[in-house]
Amino acid sequence: MQLTEDQQSIRDSVARVCAAYDDEYWRRTDETGVFPQAFVDDMAAGGWLGIAMPEEAGGAGLGLTEAALMMQTVTESGAGFTGASAIHLNIFGLMPLVKFGTEAQRMELLPRAISGEDSACFGVTEPNSGLDTASLETRAEKSGNGYVINGRKIWTTNAQRANKILLIARTTPKDQCAKPHQGLSLFYTDLDRQYVDAQPIPKMGRKAVECNTLFIDNLPVPADDLVGEEGKGFQYLLHGLNPERVLFGAEAVGLGRAALRKATQYAKERVVFGRPIGQNQGIQHPLARAFMELEAANLMVFEGARAFDAGEDAGASANAAKYLGAEAGFSACETAMLTHGGMGYAKEYDVERYLREAMIARIAPVSREMIFNYVAERVLGLPKSY
Ligand SMILES: Cc1cc2nc3c(=O)[nH]c(=O)nc-3n(C[C@H](O)[C@H](O)[C@H](O)COP(=O)(O)OP(=O)(O)OC[C@H]3O[C@@H](n4cnc5c(N)ncnc54)[C@H](O)[C@@H]3O)c2cc1C
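Residue numbering for the sequence shown follows this note's numbering, beginning at 5 and increasing consecutively.
This is how it looks when you write it as structure tokens:
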């Protein structure tokens with residue numbers, strides 16, 4: 005892909021920030037589970053958290069293409085999903101607020117997210133509803149000049165440190181709505197730990213950026229924290245879905261490239277049977293395939309970004325970008341690990357960490373199966389299967 009001078013400069017500048025955080029740094033965060041705050045502070049200080057935020061709120065006002073380039077540079081540096089997920093929500097997660105928030109919400113809250121003063125988490129997934137968002141059980145009931153929220157969320161990333169939460173809850177019972185996705189409302193509110201208990205979930209990778217089960221017990225929410233109109237929360241969420249898919253695809257390709265770089269280097273240096281292992285086609289060909297798969301997925305990623313930035317319907321390309329990027333990224337990480345032989349299983353070579361992190365993009369923010377469902381139904385015109 006041909007980058008413009010400005011886009012190349014974004015890549016170079018982000019790469020310079022990332023260069024201060026070497027493999028040893030990310031290996032340590034993965035071992036200790038300590039959040040990479042220094043890295044996040046540096047990215048915030050460089051203004052990168054506001055790359056896609058409106059200029060009037062202190063952002064750079066750039067598009068998804070630039071944001072995807074930036075996030076890909078982060079994962080590709082070796083920071084992987086630990087680095088990317090530590091800042092991911094700031095990039096497009098607050099889009100519903102940008103598009104549907106009041107002037108006061110936008111002008112007060114967005115600058116705080118851009119500067120890193122506020123740290124947010126995103127509460128959609130629930131234990132009893134999973135991908136079936138319309139069936140979520142968390143409810144917001146009117147109380148005085150606001151709401152009281154009760155319910156449970158699961159997998160909420162960053163809830164240990166976040167002081168804000170973008171939270172979706174039902175305000176009208178499903179059976180009283182014309183359509184199941186109606187009656188859901190979106191709130192951007194304080195994560196008040198007096199009413200919200202966040203329990204970390206022990207998990208496979210990305211230890212330093214935790215996921216949680218949230219127990220929300222009578223959380224009082226002022227009416228001013230409602231985003232847009234009551235009952236339209238799901239509709240608002242949809243506006244952030246395509247960009248998030250593109251970002252995940254870009255991040256997964258970046259991680260795959262980091263793995264491929266490590267594997268190629270190792271294949272040149274490791275000598276067995278009197279020659280570098282990279283002289284064997286059995287080692288070369290999977291690496292060559294990984295390169296082609298990553299670069300093909302990358303073209304789809306930037307087609308998704310282009311379509312979104314141009315205001316076109318990006319549904320098909322954004323879903324394809326997330327699927328292809330995640331698969332190519334995972335496959336490159338697996339190939340890298342196998343190229344290293346036994347050392348692929350050792351933490352000091354990093355590729356086992358990459359492989360564990362590569363699984364994230366295959367599952368979240370939407371599963372592969374739901375992408376297949378989308379393409380089958382919305383692109384190919386097949387009957388809805390679920
Ligand atoms: C590391 C990580 C971070 C996350 N961070 C967040 C976060 O910050 N906030 C948040 O809200 N969520 C977060 N999630 C949750 C994530 O978005 C969900 O795990 C994901 O959307 C899948 O939902 P589920 O786990 O409930 O799967 P389920 O809905 O239980 O589905 C399980 C499996 O069944 C398949 N399936 C279900 N229905 C169908 C169907 N009709 N057709 C075909 N297959 C089907 C799914 O594809 C999936 O493979 C995170 C998850 C992970 C792993």
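Note that beta-carbon positions come from the ideal geometry of N, C-alpha and C, so glycine has one too.
8 Å contact criterion, which residue i and residue j should meet: CB distance rounded
{"i": "L114", "j": "F312", "result": "Going by Cβ atoms, the distance from L114 to F312 rounds to 19 Å, so no, they are not a contact pair."}
{"i": "D26", "j": "A212", "result": "Their Cβ separation, rounded to whole angstroms, is 15 Å, which puts D26 and A212 out of contact at 8 Å."}
{"i": "I169", "j": "L188", "result": "Actually they are not in contact, since the Cβ atoms of I169 and L188 sit about 15 Å apart, beyond 8 Å."}
{"i": "F365", "j": "E255", "result": "Contrary to the premise, residue 365 reads as Ala rather than Phe in this sequence. Yes, they are in contact, since the Cβ atoms of A365 and E255 sit about 7 Å apart, within 8 Å."}
{"i": "L223", "j": "V276", "result": "About 59 Å; that fails the 8 Å criterion."}
{"i": "L190", "j": "Y240", "result": "5 Å"}
{"i": "R165", "j": "S123", "result": "5 Å"}
Boundaries of the beta strand (DSSP E) in which residue i is found, first to last residue
{"i": "Y192", "result": "L188 to D194"}
{"i": "A216", "result": "The sequence given here has Asn at residue 216, not Ala. That run of the beta strand (DSSP E) goes C215 to P226."}
{"i": "R382", "result": "It is not in any beta strand (DSSP E) - R382 carries neither H nor E in the DSSP assignment."}
{"i": "K168", "result": "K168 to R174"}
Selected residue, minimal CA-CA separation from residue i, among the options
{"i": "L245", "options": "A350, F126, N154 and G286", "result": "F126"}
{"i": "A322", "options": "V276, E248 and G87", "result": "E248"}
{"i": "D221", "options": "I375, D201 and V38", "result": "D201"}
{"i": "G87", "options": "F96, M347, M74 and E356", "result": "M74"}
{"i": "A301", "options": "R261, E338, Y270 and E273", "result": "R261"}
{"i": "A362", "options": "V383, M47, Y270 and S89", "result": "S89"}
{"i": "F104", "options": "A292, E233, V383 and D354", "result": "E233"}
{"i": "G258", "options": "D196, E60, K388 and E297", "result": "E297"}
{"i": "P2", "options": "E112, Y29 and L140", "result": "No statement about residue 2 is possible, as the shown extent of the chain runs from 5 to 390 and does not include it."}
{"i": "G150", "options": "A227, E121, A332 and V78", "result": "A227"}
{"i": "L264", "options": "I367, S389, W52 and Y353", "result": "Y353"}
Unbroken alpha helix (DSSP H) run spanning residue i, endpoints
{"i": "V18", "result": "E9 to C22"}
{"i": "L264", "result": "G237 to E273"}
{"i": "D201", "result": "D201 -> not in any alpha helix (DSSP H); beta strand (DSSP E) instead, spanning V200 to P204."}
{"i": "F39", "result": "Unbroken run through F39: none, as it is neither H nor E."}
{"i": "A362", "result": "V355 to I367"}
{"i": "I375", "result": "R372 to Y378"}
Cβ-heavy atom distance, residue i to ligand 1, below 7 Å
{"i": "T36", "result": "no"}
{"i": "R210", "result": "yes"}
{"i": "S371", "result": "yes"}
{"i": "L251", "result": "no"}
{"i": "I367", "result": "yes"}
{"i": "G82", "result": "no"}
{"i": "N377", "result": "yes"}
{"i": "I91", "result": "no"}
{"i": "G127", "result": "yes"}
{"i": "C215", "result": "yes"}
{"i": "T160", "result": "yes"}
{"i": "I220", "result": "no"}
{"i": "M374", "result": "yes"}
{"i": "Y270", "result": "no"}
{"i": "G134", "result": "yes"}
{"i": "Y327", "result": "no"}
{"i": "I364", "result": "yes"}
{"i": "Y199", "result": "no"}
Any non-hydrogen atom of ligand 2 within 7 Å of residue i CB
{"i": "F96", "result": "Inclusion of ligand 2 in the displayed structure is not the case, the ligand content consisting of ligand 1 alone."}
query = Which residue spans inside the region 105-162 form an unbroken beta strand (DSSP E) run of at least 3?
reply = 124-127, 143-147 and 150-161
message = Quick check on the DSSP output: what are the complete beta strand (DSSP E) runs of length 3 or more inside the region 63-89, in order along the chain?
response = none
inquiry  = Give the list of continuous alpha helix (DSSP H) stretches no shorter than 4 residues that lie fully inside the region 295-343.
reply    = 319-343
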